[in-house]
Amino acid sequence: MRSRPIDERLGEIPLFHKLDKKQLKELAKLVTGLDIEAGRTLINQGEIGRECFVVVSGEAEVVRDGQVVA
Numbered sequence: 086m087r088s089r090p091i092d093e094r095l096g097e098i099p100l101f102h103k104l105d106k107k108q109l110k111e112l113a114k115l116v117t118g119l120d121i122e123a124g125r126t127l128i129n130q131g132e133i134g135r136e137c138f139v140v141v142s143g144e145a146e147v148v149r150d151g152q153v154v155a
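In this text, residue positions in the sequence shown follow our numbering: the first is 86, and each later residue adds one.
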């Protein structure tokens, strides 16, 4: 089974759902898909962020001062 194009998948995410097809295709050109293993830290509190992560499937935790906040 073939997975759907990334622009279609992005259109289902609430953050991007108002973009039209052309805008979604442009956004998709900027996306790098990643499969992240469980337990991996993507960024640490206090570090300068240079990326935006969008979880398409699975779960993530947000930890602030050692406490899970989301």
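Even glycine gets a Cβ: it sits at the ideal position worked out from N, Cα and C. What you are looking at is a predicted structure, and each value in this text was computed from that prediction instead of being measured.
Cα-Cα separation between residue i and residue j, rounded to whole angstroms
i           : j           : result
residue 139 : residue 150 : 22 Å
residue 93  : residue 147 : 27 Å
residue 114 : residue 153 : 33 Å
residue 127 : residue 121 : 9 Å
residue 86  : residue 100 : Because the pLDDT of residue 86 is 49, which lies under 50, any placement of that residue in the model is unreliable, and the number read from its coordinates should be weighed accordingly. The alpha-carbon atoms of residue 86 and residue 100 are separated by roughly 27 Å.
N- and C-terminal bounds of the alpha helix (DSSP H) containing residue i
i           : result
residue 93  : 91-96
residue 213 : Outside the displayed range of the chain (86 to 155) lies residue 213, so it cannot be described from this structure.
Near the ligand FAD: residue i beta-carbon under 8 Å from a heavy atom
i           : result
residue 117 : Because no ligand of any kind appears in the structure shown, any question about the ligand FAD cannot be addressed here.
Beta-ladder partner(s) of residue i, from DSSP
i           : result
residue 154 : Its beta-bridge partners do not exist; DSSP assigns none.
residue 38  : The chain is shown from 86 up to 155; residue 38 falls before or after that span and cannot be answered.
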